[in-house]
Amino acid sequence: MNGTFADYQELYNLLQSGKTSMDIKTLSKIHSRIITFSYGTSPSLMASLMLKYVHCNCRSIVYKVIDQVFCWSTDLVELNLIIDKLMRMENYRVAKMVFNKMPARDVVTWNTMIGGYVRKARFEEALGLFRFMNKSNVEPDKFTFASVINGCAKLGALKHAQWVHELLIEKRIELNFILSSALIDMYSKCGKIQTAKEIFDGVQRNNVCIWNAMISGLAVHGLALDAIKVFTKMEVENVLPDSITFLGILTACSHCGLVKEGRKYFDLMRSRYSVQPHIEHYGAMVDLLGRAGLLEEAFAMIKSMPMEPDVVIWRALLGACRTYKKPELGEAAMANISRLRSGDYVLLSNIYCSQKRWDSAQGVWEMMKKKGVHKVRGKSCFEWAGFLHPFKAGDRSHPETEAIYKMLEGLIQRTKLAGYVPTTDLVTMDVSEEEKEGNLYHHSEKLALAYGILKTTSGAEVRISKNLRICYDCHNWIKMVSRLLSRVIIVRDRIRFHRFENGLCSCGDYCIRRNLLRLSLWNWELPKFAISEQNYMRWFLLECMYEMLLCGTQRWEAVLEKRDLGRYETFLSYTDRLNVEPDKIIFASVNLVQDLEFLIMLSGQWVNELLLGKGLD
Numbered sequence: 001m002n003g004t005f006a007d008y009q010e011l012y013n014l015l016q017s018g019k020t021s022m023d024i025k026t027l028s029k030i031h032s033r034i035i036t037f038s039y040g041t042s043p044s045l046m047a048s049l050m051l052k053y054v055h056c057n058c059r060s061i062v063y064k065v066i067d068q069v070f071c072w073s074t075d076l077v078e079l080n081l082i083i084d085k086l087m088r089m090e091n092y093r094v095a096k097m098v099f100n101k102m103p104a105r106d107v108v109t110w111n112t113m114i115g116g117y118v119r120k121a122r123f124e125e126a127l128g129l130f131r132f133m134n135k136s137n138v139e140p141d142k143f144t145f146a147s148v149i150n151g152c153a154k155l156g157a158l159k160h161a162q163w164v165h166e167l168l169i170e171k172r173i174e175l176n177f178i179l180s181s182a183l184i185d186m187y188s189k190c191g192k193i194q195t196a197k198e199i200f201d202g203v204q205r206n207n208v209c210i211w212n213a214m215i216s217g218l219a220v221h222g223l224a225l226d227a228i229k230v231f232t233k234m235e236v237e238n239v240l241p242d243s244i245t246f247l248g249i250l251t252a253c254s255h256c257g258l259v260k261e262g263r264k265y266f267d268l269m270r271s272r273y274s275v276q277p278h279i280e281h282y283g284a285m286v287d288l289l290g291r292a293g294l295l296e297e298a299f300a301m302i303k304s305m306p307m308e309p310d311v312v313i314w315r316a317l318l319g320a321c322r323t324y325k326k327p328e329l330g331e332a333a334m335a336n337i338s339r340l341r342s343g344d345y346v347l348l349s350n351i352y353c354s355q356k357r358w359d360s361a362q363g364v365w366e367m368m369k370k371k372g373v374h375k376v377r378g379k380s381c382f383e384w385a386g387f388l389h390p391f392k393a394g395d396r397s398h399p400e401t402e403a404i405y406k407m408l409e410g411l412i413q414r415t416k417l418a419g420y421v422p423t424t425d426l427v428t429m430d431v432s433e434e435e436k437e438g439n440l441y442h443h444s445e446k447l448a449l450a451y452g453i454l455k456t457t458s459g460a461e462v463r464i465s466k467n468l469r470i471c472y473d474c475h476n477w478i479k480m481v482s483r484l485l486s487r488v489i490i491v492r493d494r495i496r497f498h499r500f501e502n503g504l505c506s507c508g509d510y511c512i513r514r515n516l517l518r519l520s521l522w523n524w525e526l527p528k529f530a531i532s533e534q535n536y537m538r539w540f541l542l543e544c545m546y547e548m549l550l551c552g553t554q555r556w557e558a559v560l561e562k563r564d565l566g567r568y569e570t571f572l573s574y575t576d577r578l579n580v581e582p583d584k585i586i587f588a589s590v591n592l593v594q595d596l597e598f599l600i601m602l603s604g605q606w607v608n609e610l611l612l613g614k615g616l617d
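Counting from 1, one number per residue, gives the positions in the sequence shown under full-length UniProt numbering.
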């Protein structure tokens, strides 16, 4: 090169300065100097130059710059570096233009494009490019599959995941710890936890990443006891856990309300393994305590943290305040969130609405309007024929809208006859009960499920994904649909998986347990309530009785023994610790089919005390 390093550094700094704003005249001068100093093959300079021209809306010049690059060099290494720089700058369109113009591509070229798309959450584009790669004469390698498997995991598309896995086997790609853990993670996030377990059992487990993938997968499926068993096995096989291992365990405890176990592992990571908690571990503990109703303890933990709490932690507390109707603490959490998002405003508004403080709720919405903040709408997707079909609440944009709504109306009528009552308390608007019911009937989850049932054969599994948490009303309704249609329905929400079968959910109805205080299964207003371990066990048994009523005792026992042995073992353990005979609970649920109030009375004096707020420890 004719230029010096000082010339190069000066040009690079000029292109980096101002980030996006630079007039075309200045840019043209920089371009001329790049050519004068023969820096036309420098990946960093050319990528930055293209990006600047894009920001100046000079796309015709971008095309000319690309042509210049190919005139000066056709070296694959340099061209791959230019694509890498463009992808890291999020200039996907120009990167694709360079990619398309390349006379030859190697596996690094494809990996750079596919990996860049996956890093920036453009998963469908990554999968499309991978399909294109398989039609070319370039064979994918381990790095290609690692990126694509990660993309399938984030997308949650099972059909794509299975196809990629089959191709991995067909190409005889040898599994290393990266691919093994990626496969476990992919199947876990696509709802196939049993397949993830089979892969885990069949690979070498000498790297902590593989154990972490399995524990985290079990956590998102709400299988906390299974996650703890894997951790115990990990200790037996002398694999040292790391900070990610403990994050998975704490998340599992959080999803199942295992407060005692969560505290144990939080202490264990420091005392036995000398792993110092990071902010994510404190966040998981705050989430665990908040979900269990221990808001004061959660707030105290935030105050005692050795580092500054981030917005994720304050949002976890804010969410708990919404569940347990704590507006004052919710306001304190809001005050500590520096950059408020729409969900934060909505949570605070919902707290006010739950207490019928309509003026306060209206004030929050007016503040959102003033600041130009828009509520993030819930969106549910159903995968069919290789495409994801998205639905929003009240959506009528789908080509098969009429058939979908007809199917949904039929399902709602059937579930109503079976005892479904819309939970109108969830509708945070000061409108009539009829309007509230109409709002609940057309939630995105219900529309996606109706379409899934419409398109699939009788008895086939239906899979739905949602960008937010599944709502309480939809959760109850889908449980009933799974029983009436004898279908397995899997819903992946923002937090975890819910597997519905025979009127039961794999989450053990922990979302119901959190909402019992707020809504109550029997629409009773419950008094101020402090959850202790003993009271938690009592609620658990009460839920089991409710489940037996919904689906029948024999079916309840059979499904749990087959699908969720951990929950069944917990049921037996809690009845023993509370000195309650399991047969008495089962007998009560069989003989008092619909009389819930009488069932509660007969289930023991402790339930009455629990509901009336007497003698709570």
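The beta-carbon is built from N, C-alpha and C at its ideal position, and this holds for glycine as well.
Taking 7 Å as the limit between beta carbons, can you name the residues of its chain near residue i, skipping five residues before and five after?
i: residue 230; result: 211, 214, 215, 218
i: residue 9; result: none
i: residue 254; result: 262, 284, 287, 288, 291
i: residue 186; result: 149, 152, 153, 161
i: residue 480; result: 415, 418, 420, 503
i: residue 495; result: 469
Just mark residue i as buried or exposed, buried being the case when its beta carbon has 16 or more other beta carbons within 10 Å.
i: residue 459; result: exposed
i: residue 26; result: exposed
i: residue 319; result: buried
i: residue 200; result: buried
i: residue 301; result: buried
i: residue 422; result: buried
i: residue 93; result: exposed
i: residue 140; result: buried
i: residue 169; result: exposed
i: residue 164; result: buried
i: residue 618; result: Since the first residue of the chain shown is 1 and the last is 617, residue 618 is not available in this structure.
i: residue 206; result: exposed
i: residue 236; result: exposed
i: residue 32; result: exposed
i: residue 270; result: exposed
I'd like to check one pair, residue j with residue i: are the Cβ atoms closer than 8 Å?
i: residue 190; j: residue 152; result: yes
i: residue 86; j: residue 106; result: no
i: residue 488; j: residue 470; result: no
i: residue 411; j: residue 450; result: yes
i: residue 468; j: residue 378; result: yes
i: residue 287; j: residue 316; result: yes
i: residue 110; j: residue 89; result: no
i: residue 148; j: residue 188; result: no
i: residue 114; j: residue 99; result: no
i: residue 544; j: residue 571; result: yes
i: residue 244; j: residue 265; result: no
i: residue 80; j: residue 112; result: yes
i: residue 247; j: residue 281; result: yes
i: residue 252; j: residue 227; result: yes
Please return the same chain residues whose Cβ sits closer than 6 Å to the Cβ of residue i, not counting the five positions on each side in sequence.
i: residue 242; result: 208
i: residue 391; result: 380, 444, 447, 448
i: residue 290; result: 298, 316, 317, 320
i: residue 180; result: 203, 210
i: residue 465; result: 156, 381, 492
i: residue 117; result: 125, 126
i: residue 123; result: 151, 154, 155
Using C-beta distances below 8 Å, list every residue in its chain close to residue i, excluding the 5 sequence neighbours before and after it, in chain order.
i: residue 240; result: 208, 273
i: residue 537; result: 574, 577, 578
i: residue 462; result: 382, 449, 452, 453, 456, 487, 488, 489, 490
i: residue 184; result: 196, 199, 200, 210, 213, 214, 217
Is residue i a contact residue of the ligand MG, with contact defined as CB to any heavy atom under 7 Å?
i: residue 112; result: Questions concerning the ligand MG fall outside what the structure shown contains, since it holds no ligand whatsoever.
* To do: Could you name each continuous alpha helix (DSSP H) segment of 4 residues or more that falls completely within the region 256-310, going from the start of the chain to the end?
  => Listed in chain order, they are 259-271, 279-291, 295-304.
* Asked: Any chance the region 257-277 sits against the region 311-323, with 3 or more Cβ pairs inside 8 Å?
  -> When C-beta atoms of the region 257-277 are compared with those of the region 311-323, fewer than three pairs fall below 8 Å, so the two segments do not count as touching.
* Asked: Touching or not, the region 138-152 and the region 167-179, by the rule of three or more beta carbon pairs under 8 Å?
  -> Judged by Cβ distances under 8 Å, the region 138-152 makes contact with the region 167-179, as three or more pairs qualify.
* Which residue spans inside the UniProt repeat "PPR" (106-140) form an unbroken alpha helix (DSSP H) run of at least 4? -> Listed in chain order, the alpha helix (DSSP H) elements of length 4 or more contained wholly in the UniProt repeat "PPR" (106-140) are 107-119, 123-134.
* Asked: Between the region 156-165 and the region 378-389, do three or more beta carbon pairs fall short of 8 Å?
  -> Result yes; three or more Cβ-Cβ pairs closer than 8 Å.
* To do: Could I get the ranges of all uninterrupted beta strand (DSSP E) runs contained in the region 179-225, with 3 residues as the minimum, in chain order?
  => Secondary structure within the region 179-225: not one fully enclosed beta strand (DSSP E) run of 3 or more consecutive residues is present.
* Where are the alpha helix (DSSP H) runs, 4 residues long or more, that stay fully inside the UniProt repeat "PPR" (141-175), in chain order? -> List check, alpha helix (DSSP H) in window: 142-155, 158-170.
* Jot down the residue ranges of each uninterrupted beta strand (DSSP E) in the region 472-502, minimum 3 residues, whole runs only, in chain order. => Correct list: 489-492, 497-501.
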